[in-house]
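Working notes, beginning with the structure itself.
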Amino acid sequence: MYQIPVFMEKNRPLFKLHSGVLASMHLYLLIFALVFEHPGYLLAMLAAIAVMMIAAGTVPNWSAYLRMSIPLITFIIVLNVLFSRAGSTPIFTSPITLFSGNYYLPFTWEALFYGGGMALRLLVIISSCASFFALVSPAKALRMLSLFGTRWALTFNLALRLVPLMMEEYHRISEVQRCRG
């Protein structure tokens, strides 16, 4: 059965930090991932997140999020290679016949690498969010978000607590369907 990523407090220094400090640190990582395009910067941010996750002992939570993001990352790369017309270095050119017309669809290295860069950016964003949710308890997040409005904070916290329950129900339903055939 899949591991459902839920918050568990551990006796590590990162868990003792104030939730505002952790939120601002992860917000900076999120903003930097959206601003920078260079793969070196994105890999450095991913390495920083990996060091945080290893130091906190929350690598199993992170790997669960990474497993869930693999289809989306693959989809981004494939879509970019299929539909991006940018690039001058072709991998190969595929003829396509649409409406009795012959078209050539170029698959380029630039589109492949740009899709890889976008996938790396998404990986940093998902990893930053996974690290935040692994290090900050939902109660602390509710307390921190209550400054912006109690209704909004309560709705956010209830939605956050509902995700693991929905994943557990999904896995239970899929097991029942496999048993039925």
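Quick note, the sequence shown lines up with residues 0 to 180 if you use numbering that gives the first Met the number 0.
Built from N, CA and C at the ideal position, the CB exists for glycine as well.
Predicted model, so just to flag it, every value in this text is computed and none were measured.
- Scanning Ile69, Ser83, Glu168, Thr57 for the CA closest to the CA of Phe14 turns up Thr57.
- Just measuring C-alpha positions, the residue of Arg171, His170, Ile172, Pro137 sitting nearest Ala158 is Pro137.
- Shortest Cα-Cα distance from Trp108 to any of Glu36, Val80, Val123, Leu121 involves Val80.
- If one requires a minimum length of 4 residues, the alpha helix (DSSP H) runs lying completely within the region 3-34 are 18-34, in chain order.
- Following the DSSP letters along the chain, one finds Thr154 inside the alpha helix (DSSP H) bounded by residues 149-179.
- Taking a 10 Å sphere around the C-beta of Trp151, we find fewer than 16 other C-beta atoms and assign the residue as exposed.
- With contacts defined by Cβ atoms closer than 8 angstroms, Leu41 and Leu119 form a contacting pair.
- Its chain contains Leu104 as the residues whose beta carbon lies nearer than 6 angstroms to that of Ser93, once the 5 sequence neighbours on both sides are disregarded; these appear in chain order.
- Counting the other Cβ atoms within 10 Å of the Cβ of Met165 gives fewer than 16, which makes it exposed.
- For the region 82-147, the full-length beta strand (DSSP E) segments reaching 3 residues or more read 89-97, 100-107 along the chain.
- With 16 or more other CB atoms across the displayed protein chains lying within 10 angstroms of its CB, Ser130 is buried.
- According to the DSSP assignment, Gly39 belongs to the alpha helix (DSSP H) that extends over 38-55.
- Straight-line measurement puts the Cα of Glu8 at about 12 angstroms from the Cα of Leu16.
- In its chain, beyond the 5 residues on either side, Ala152 have a beta carbon closer than 7 angstroms to the beta carbon of Ser145.
- Cβ contact annotation for Ser127 (same chain, cutoff 7 angstroms, sequence separation greater than five): His25, Leu28, Leu29, Ala32, Ile48, in chain order.
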